[in-house]
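Visitor:
Numbering (my numbering), first residue to last: 40 to 345.
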């Protein structure tokens, strides 16, 4: 549904993104990793149509975003790292204005708005001005705006900024729900456990170049599961994705997955069973090893890899 074809972007006299080729399928969650300055935010902005590539094309469902952005933008839900909000509006006014700008009206939109306010714990803030909200609250308003029109593509730049562990878990639930409904999701984050908990695939950028693009490991994977409340090991062992449980303490368990399953499947099973997911990360640290190997390359090693 989303294709980046030899995309390059130059800012401040340097190549921020270079010859990037990347695709995203419906129902897939892609985690975009990289150190500060790797080109993540610029890449996401081009995916959302907020920036144009200097070279190459970004296509959403076959439409070139640079040429027909007005036609294609309805298909994108875009949350920048710092959500651009109108401070003089209340939260409800902000969502209503966002809906009108997208040509959305009627009872169905209001129902969707109220549902998002409840899911994102913003109901009590609904009549407050955006200007007086905390960073985490503003982040959740921006996320609600991105989700309001149920877009086929969600582009989220550091969506967990300012969220507490419970809110971060609810964010992961929303992301998986959109993916299960057929939306493609791209998110950037500095937190490797966040990628492991929600993503199907990971791409790593380094100095504007794609250095890694692969599905997350599956099949007999070992994960450290952290829950917000104590749960008996027998209850975890009864979950379909679980092959083995090793309890570390009341809230932390080492989970061995059954063949053919993966971390997002376990995360969904935990949430559907009524447990509060606080964290999920690989025990073996394979993703961390790949990230550190790429991020710590010397200039000579980088030249050899080019």
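Using N, Cα and C, we set each Cβ at its ideal position, and we do this for glycine too.
Does the Cβ of residue 76 lie closer than 7 Å to at least one heavy atom of the ligand FMN?
Guide: In the structure shown, the ligand FMN is absent, as is every other ligand, since no ligand is present at all.
Visitor: Since residue 262 and residue 296 should fall inside the 8 Å C-beta cutoff, what is the C-beta to C-beta distance between them, to a whole number of angstroms?
Guide: That pair is a contact at about 7 Å.
Visitor: Does the segment 102-113 come into contact with the segment 151-165, if we say contact requires no fewer than three beta-carbon pairs (one atom in each stretch) closer than 8 Å?
Guide: Segments in contact, no.
Visitor: If we count Cβ pairs, one from each stretch, closer than 8 Å, do we get three or more for the segment 231-247 versus the segment 65-79?
Guide: Output reads yes: the segment 65-79 touches the segment 231-247.
Visitor: Would the segment 203-222 count as touching the segment 41-60 if we require 3 or more Cβ pairs under 8 Å?
Guide: The segment 203-222, when compared against the segment 41-60, does not touch it at the 8 Å Cβ threshold.
Visitor: Going by alpha carbons, who is nearest to residue 148 out of 216, 159, 135?
Guide: Out of 216, 159, 135, 135 has the C-alpha closest to the C-alpha of residue 148.
Visitor: To which residues of the same chain is residue 59 closer than 6 Å at the C-beta, ignoring the five residues directly before and after it?
Guide: 43, 46, 249.
Visitor: So is residue 203 buried or exposed if we call it buried at 16+ other beta carbons inside 10 Å?
Guide: Exposed is the call here.
Visitor: In three-state terms, what does DSSP make of residue 198?
Guide: Correct three-state label for residue 198: coil.
Visitor: Under 8 Å by Cβ, that's how I've got residue 177 and residue 231 pegged, so tell me the actual separation to the nearest angstrom.
Guide: In fact, because the Cβ distance is near 25 Å, the residues do not count as touching under 8 Å.
Visitor: Rounded to whole angstroms, what is the Cα-Cα separation between residue 290 and residue 145?
Guide: Residue 290 and residue 145: Cα-Cα distance of roughly 44 Å.
Visitor: Check the C-beta distance from residue 122 over to residue 187 and give it rounded, since I have them as a contact under 8 Å.
Guide: Incorrect: roughly 13 Å between the Cβ atoms, too far for contact.
Visitor: Are the Cβ atoms of residue 320 and residue 228 separated by less than 8 Å?
Guide: Cβ distance not < 8 Å, so residue 320 and residue 228 don't count as in contact.
Visitor: Identify whether residue 180 lies in helix, strand or coil by the three-state DSSP scheme.
Guide: Helix, per DSSP.
Visitor: Mind checking which residues open and close the beta strand (DSSP E) that includes residue 123?
Guide: Segment: none, residue 123 is in no beta strand (DSSP E) and carries neither H nor E.
Visitor: Can you tell me where the beta strand (DSSP E) with residue 286 in it begins and where it stops?
Guide: From DSSP, the beta strand (DSSP E) with residue 286 extends over 281-286.
Visitor: Taking buried to mean at least 16 other C-beta atoms within 10 Å of its own C-beta, is residue 150 buried or exposed?
Guide: So residue 150 ends up on the exposed side.
Visitor: Assign residue 239 to one of two classes, buried (16 or more other C-beta atoms within 10 Å of its C-beta) or exposed (fewer than that).
Guide: The residue is buried, with at least 16 neighbouring Cβ atoms inside 10 Å.
Visitor: If residue 39 and residue 242 are in contact, beta carbons under 8 Å, what's the gap, nearest whole angstrom?
Guide: Outside the displayed span of the chain (40 to 345) sits residue 39, for which this structure offers no information.
Visitor: Give the straight-line distance between the Cα atoms of residue 298 and residue 280, rounded to the nearest whole angstrom.
Guide: When rounded, the distance between both Cα atoms is 8 Å.
Visitor: Report buried or exposed for residue 221, applying the criterion of at least 16 other Cβ atoms within 10 angstroms of its Cβ.
Guide: Answer is exposed; the Cβ neighbour count stays below 16.
Visitor: Looking only at its chain, what residues have a beta carbon closer than 8 Å to the beta carbon of residue 95, apart from the 5 residues adjacent to it on each side?
Guide: These residues qualify, in order along the chain: 43, 44, 45, 46, 47, 58, 59.
Visitor: Exposed or buried, what is residue 85 when buried is set at 16 or more other beta-carbons lying within 10 Å of its beta-carbon?
Guide: It counts as buried.
Visitor: Please list, in chain order, all residues of the same chain as residue 126 whose beta carbon is under 6 Å from its beta carbon, the five residues on each side excluded.
Guide: Around residue 126: 169, 170.
Visitor: What are the boundary residues of the beta strand (DSSP E) that includes residue 47?
Guide: First-last of the beta strand (DSSP E) with residue 47: 41-50.
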